[in-house]
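Enquirer:
2 protein chains.
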Amino acid sequence: MSTSSYHHGDLKNALIKAGVKILAKEGVSGLSLRKVAKQAGVSHAAPYSHFADKQALIAAISTEGFKQLYIQIEEIRAAYKNKPKTLLVETAWAYMQFAFNEPDRFKLMFSSVLEKEKEYPDYVESSRKNFEQIVDVVKVCQSAGVLRDDSPDLITVSVWSVVHGLVMLVLEGQISHTVLEQHDLKSMLIFTLGQMALVELT
Amino acid sequence: MSTSSYHHGDLKNALIKAGVKILAKEGVSGLSLRKVAKQAGVSHAAPYSHFADKQALIAAISTEGFKQLYIQIEEIRAAYKNKPKTLLVETAWAYMQFAFNEPDRFKLMFSSVLEKEKEYPDYVESSRKNFEQIVDVVKVCQSAGVLRDDSPDLITVSVWSVVHGLVMLVLEGQISHTVLEQHDLKSMLIFTLGQMALVELT
DNA sequence: GACGCCATCTTGACATTGTCAAGATTTGGC
DNA sequence: GCCAAATCTTGACAATGTCAAGATGGCGTC
């Protein structure tokens, strides 16, 4: 079922995987449909059998990313089920690490792939699922008195905003060099998160 | 000095202005050097007399944006010099409004234009200046007991992160529709900022 | 087991775009 | 008024997204 030389077998996933690889190696500007096709060993127009257009491939790559991130955070949730403070910090830290391991993919995931009226249900669904995941973490922290006891949705938006904002600013080189030299990332993350917490996060 | 039909006169600024216009009308994906040139009424390669490449134009458009944002926030600073709470909220709100008025330009400004080793001193400088501006606002708030009395740089990074993160998440359509329907933007901003403040921000 | 349908893949083509080289046109300094 | 430097145009090329037509072959039907 593999090397029939014409029918690839599982080209769709191969293309996604190729895209992730190129993204890691050459960045967003290097990500082209034709390169992805070549990497997967098919002709330049082959992707169109599986994706309507480039945006659709990007949506798929992003969706894949959300799913991986979801799994990683699930592991954290399991590991620190009874330690709310650690749970909060490590969840955020996992988010940050994911971003720094694959900066370009992370940016893609959070770049309005939602161009125009086109919709990608899988993308929206996986994104929503990740949000719910964070809400759950927030709820645990609220019960434990680590986070303010307010609307979970709102608190989640707040917490997510700090973390996402910090990650983005660092990733895009907006934080001045001098500041970055004086504080390592995890410290800055904890400090920033600490601004929102009701207790010390150390 | 204007219509000599060959020498434009002030093409550099005309190109930047054209870029801003296209960005607002067609978004990032519609921004091409050739369109910008056509919009300015010059040939497709004319921009190369003023910008090394597309990235350089983008850097210029971004720099311009930073300067405008700087001016807007300066006005806020002057207006609420003696009202720290209002100053904080309105500064953040101005930031947010800027982002929503020209979403695509805002995204460009904070997208690592810093590709590779290429450097754009003006861009870096204007970006740094805006950071200092926020630091000043933060210091005022610290003196007034509105924000924690900690390293101004760190507190600024925290505050900036929440605001920037919230703006980005909304801008990129990451905040679920149901959440957005129940809270207007300014309320969410104040709530989120309030998480960091030592006093009620209403 | 042969046949035909349909998904999958290839080839070829086209428009858009970033970029560069060569040349035309001005402007400003002397 | 003339020359050099700055500015702008024309023409070309390669990369890319996308589409149309056709090739290929797996799979179910008889």
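Line order of the protein sequences matches chains X and W.
Per our numbering, residue 1 is the first one in the first sequence, and the count goes up by one each step.
Per our numbering, residue 203 is the first one in the second sequence, and the count goes up by one each step.
For glycine and all other residues, C-beta sits at the position ideal for the given N, C-alpha and C.
Here the structure is a predicted model, which means the values were calculated and not measured.
1. Give me the residue from Tyr325(W), Lys331(W), Lys227(W) and Asp338(W) with the minimum Cα distance to Leu259(W).
2. When the Cα atoms are used, what is the spatial distance from Leu395(W) to Ala296(W)?
3. Using 8 Å as the threshold, is the segment 234-253 of chain W in touch with the segment 295-315 of chain W, meaning 3 or more CB pairs across them?
4. Using a Cβ-Cβ cut-off of 8 Å, state whether Leu368(W) counts as contacting chain X.
5. Pick out whichever of Ala197(X), Val179(X) and Phe191(X) has its Cα sitting closest to the Cα of Thr156(X).
6. Given 7 Å as the limit, tell me if Cys141(X) has its C-beta closer than that to any heavy atom belonging to the ligand COA.
7. Cβ of Leu391(W) within 8 Å of Cβ of Leu368(W)?
8. If you measure from the beta carbon of Phe100(X) to each beta carbon in chain W, is any gap under 8 Å?
9. Here's the rule I'm using: 16 or more other beta-carbon atoms within 10 Å means buried, otherwise exposed. How should Pro249(W) be labelled?
10. If the cut is a Cβ gap below 8 Å, which residues of chain W does Val89(X) touch?
11. Does Met1(X) pass the burial test, meaning 16 or more other C-beta atoms within 10 Å, or should it be called exposed?
12. How about Gln133(X) and Ile73(X): are their beta carbons less than 8 Å apart?
13. Which residue marks the beginning of the alpha helix (DSSP H) containing Gln72(X), and which one marks its end?
14. Helix or strand or just coil, what does DSSP make of Gly9(X)?
15. So for Ser2(X), helix, strand or coil by DSSP?
16. Does any residue of chain W have a CB that is nearer than 8 Å to the CB of Met1(X)?
17. Report back the beta-carbon spacing between His252(W) and Leu213(W) to the nearest angstrom; my notes put them in contact at under 8 Å.
18. Can a CB atom of chain X be found closer than 8 Å to the CB of Ile377(W)?
19. Closest Cβ-Cβ distance between Gly221(W) and chain X: below 8 Å?
20. So for His379(W), helix, strand or coil by DSSP?
21. Taking only runs of the alpha helix (DSSP H) that begin and end inside the segment 315-359 of chain W, which ones reach a length of at least 4 residues, in chain order?
22. Interface residues of chain W around Trp272(X) at Cβ under 8 Å?
23. For Phe308(W), count neighbouring Cβ atoms within 10 angstroms of its own Cβ and tell me buried if that reaches 16, exposed if not.
24. Quick check: what's the CA-CA separation for Lys227(W) versus Phe302(W)?
25. Determine the contact status of Asn332(W) and Tyr272(W), defining contact as a CB-CB distance below 8 Å.
26. Compare the C-alpha of Val343(W) against each of Gln376(W), Leu403(W), Asp386(W) and Leu371(W) and name the closest.
27. Does Met96(X) come within less than 8 Å of chain W when only Cβ atoms are used?
28. Rounded to whole angstroms, what is the Cα-Cα separation between Val361(W) and Asp136(X)?
29. Helix, strand or coil, according to DSSP, for His366(W) in the structure here?
30. If we define contact as Cβ-Cβ less than 8 Å, is Gln195(X) a contact residue for chain W?
31. To which residues of the same chain is Ser127(X) closer than 7 Å at the C-beta, ignoring the five residues directly before and after it?
32. If you measure beta-carbon to beta-carbon, which residues of the segment 40-67 of chain X are closer than 9 Å to chain W?
33. Whole angstroms are fine: how far does the CA of Gly229(W) sit from the CA of Gln241(W)?
34. DSSP three-state call for Ala226(W): helix, strand or coil?
Expert: Looking at the atomic coordinates:
1. The shortest C-alpha separation from Leu259(W) is found at Tyr325(W).
2. If you take the alpha carbons of Leu395(W) and Ala296(W), they lie about 14 Å apart.
3. Taking 8 Å as the limit for Cβ pairs, the verdict is that the segment 295-315 of chain W does not touch the segment 234-253 of chain W.
4. Answer yes: the Cβ-Cβ gap between Leu368(W) and chain X drops below 8 Å somewhere.
5. When each option's Cα is compared against that of Thr156(X), the closest is Ala197(X).
6. The ligand content of the structure shown is nil, which means the ligand COA is not present either.
7. Yes.
8. Judged by the 8 Å Cβ criterion, Phe100(X) is not in contact with chain W.
9. Burial state of Pro249(W) is buried, judged by a 10 Å Cβ sphere holding 16 or more other Cβ atoms.
10. Neighbours of Val89(X) on chain W: none; closest Cβ ~15 Å, over 8 Å.
11. With a pLDDT of 39 at Met1(X), under the threshold of 50, the modelled position of this residue cannot be trusted, and the question is left open.
12. Yes. Within cutoff.
13. It spans Lys54 to Ala79 - the alpha helix (DSSP H) in which Gln72(X) sits, taken as one unbroken run.
14. Coil at Gly9(X), not helix or strand.
15. With a pLDDT of 39 at Ser2(X), under the threshold of 50, the predicted position of this residue should be treated as unreliable, and no value is reported.
16. Bear in mind that a pLDDT of 39 at Met1(X), under 50, signals an unreliable position, so the number given afterwards is only what the model happens to contain. Interface with chain W (8 Å Cβ-Cβ cutoff): Met1(X) is excluded.
17. At roughly 6 Å, the Cβ-Cβ gap stays under 8 Å, so His252(W) and Leu213(W) are in contact.
18. Yes, its Cβ sits closer than 8 Å to a Cβ of chain X.
19. Cβ-Cβ to chain X under 8 Å: no for Gly221(W).
20. Note: His379(W) maps to helix in three-state DSSP.
21. As far as the segment 315-359 of chain W is concerned, its whole alpha helix (DSSP H) runs of at least 4 residues are 323-345.
22. Chain X is shown from 1 up to 202; residue 272(X) falls before or after that span and cannot be answered.
23. Counting other Cβ atoms within 10 Å of its Cβ, Phe308(W) reaches 16 or more and is therefore classed as buried.
24. Distance between the alpha carbons of Lys227(W) and Phe302(W) is about 14 Å.
25. Less than 8 Å separates the beta-carbon of Asn332(W) from that of Tyr272(W).
26. This sequence places Cys at residue 343(W); Val is not what is there. Cys343(W) has its Cα closest to that of Leu403(W), out of Gln376(W), Leu403(W), Asp386(W) and Leu371(W).
27. Contact of Met96(X) with chain W is not assigned, every C-beta pair being separated by 8 Å or more.
28. If I take the Cα positions, the gap works out to 24 Å.
29. Three-state result, His366(W): helix.
30. Chain W contact via Cβ: present.
31. Excluding positions up to five away in sequence, the list reads Phe66.
32. The residues in question: there are none.
33. Answer to the nearest angstrom: the Cα atoms are 15 Å apart.
34. Ala226(W) carries a helical assignment under DSSP once its states are collapsed to helix, strand and coil.
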